[in-house]
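Novice:
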Amino acid sequence: MIRKSTLLPLALALPVLGLAGSWALSHRQAQQGTDWEVPVAGYDPRDLLRGHYIRFRYEWPGADNNYTDALCLKGKAPTIADAHWLAGAHDSPACAEIVRRNVWADWQNDGIQSGQLYVAQTKARDLEKKLADPKLKAIVTVRIRKDGKVTPLSMRFRPRTNAEIAKDREEREAADAPPPALIISR
75 MIRKSTLLPL
85 ALALPVLGLA
95 GSWALSHRQA
105 QQGTDWEVPV
115 AGYDPRDLLR
125 GHYIRFRYEW
135 PGADNNYTDA
145 LCLKGKAPTI
155 ADAHWLAGAH
165 DSPACAEIVR
175 RNVWADWQND
185 GIQSGQLYVA
195 QTKARDLEKK
205 LADPKLKAIV
215 TVRIRKDGKV
225 TPLSMRFRPR
235 TNAEIAKDRE
245 EREAADAPPP
255 ALIISR
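Start counting the sequence shown at 75; every next residue gets the next number (our numbering).
Structural data, given as structure tokens:
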């Protein structure tokens with residue numbers, strides 16, 4: 075028979091052991107996966123940081139805007155050669171990795187179209203300046219687990235190429251162009 079004096083420590087230790095086990099499992103899962111480098115954009119320098127997080131939009135190389143809930147990556151980690159959206163069963167032997175939408179996340183951090191990266195408060199101002207610099211391109215290193223979950227790990231910057239700068243300028247000019255004239259037929 076168990077004495078009452080041993081039940082209290084046991085009752086207090088059980089939740090602590092459960093919490094420790096849950097943390098260990100989460101930590102182990104976070105360490106698994108393959109690291110890839112993904113260009114990012116879509117930030118708004120006026121509302122860039124929320125707390126200590128930077129929110130961004132992924133620019134998967136080769137992927138168009140026809141979003142689905144799975145993305146096929148081709149290439150050899152960490153370099154993505156091409157990406158395309160999957161439909162149907164979401165399995166393809168031609169994919170080096172498959173990224174899946176995080177259904178539990180909010181729309182600003184779904185892991186397939188957008189994400190967020192935790193940054194130290196001491197680095198926030200420097201990252202904000204670099205993200206606003208049109209001469210720099212942000213690259214996020216992400217870890218993609220076997221279940222398709224994406225975890226952003228770090229952000230680095232590289233100089234934009236002349237072709238990227240020209241393409242951005244053309245897109246801005248096209249967005250600023252006045253709409254075509256209204257045609258009225260009788």
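Each residue gets a CB set at the ideal place from its N, CA and C atoms; glycine is no exception.
Just so you know, these numbers come straight off a predicted model, no measurement behind them.
#1: How big is the Cα-Cα spacing for D221 and A170?
#2: Closest to T153 by C-alpha separation, out of W134, N140, Q103, would be which residue?
#3: With DSSP run on the structure shown, which of helix, strand or coil describes L201?
#4: Specify, as a first and last residue, the run of the alpha helix (DSSP H) that T80 falls within.
#5: Can you give me the C-alpha to C-alpha distance between R234 and D156, rounded to a whole angstrom?
#6: Below 8 angstroms on the Cβ atoms is my contact criterion, and I expect S188 with Y127 to pass it. Report the Cβ-Cβ distance as a whole number of Å.
#7: What are the partner residues of D109, as DSSP defines its beta bridges?
#8: Specify whether the stretch 95-107 and the stretch 195-215 touch according to this definition: at least 3 beta carbon pairs, one from each stretch, less than 8 angstroms apart.
#9: Quick one: using the 10 Å Cβ neighbour count with 16 as the cut-off for buried, is P89 buried or exposed?
#10: Measure the Cβ-Cβ separation of V112 and F130 and say whether it is below 7 angstroms.
#11: Between which two residues does the alpha helix (DSSP H) carrying E247 extend?
#12: Report yes if the CB atom of R217 is closer than 7 angstroms to the CB atom of G107, and no otherwise.
#13: In terms of alpha-carbon separation, which member of T215, A206, L145, G149 lies closest to N176?
#14: Please report the straight-line C-alpha distance between S228 and A194, rounded to a whole angstrom.
Specialist: So, from the data block:
#1: 13 angstroms
#2: W134
#3: helix
#4: 78-105
#5: 19 angstroms
#6: Their Cβ separation, rounded to whole angstroms, is 12 angstroms, which puts S188 and Y127 out of contact at 8 angstroms.
#7: R217
#8: no
#9: exposed
#10: no
#11: 236-250
#12: yes
#13: L145
#14: 11 angstroms
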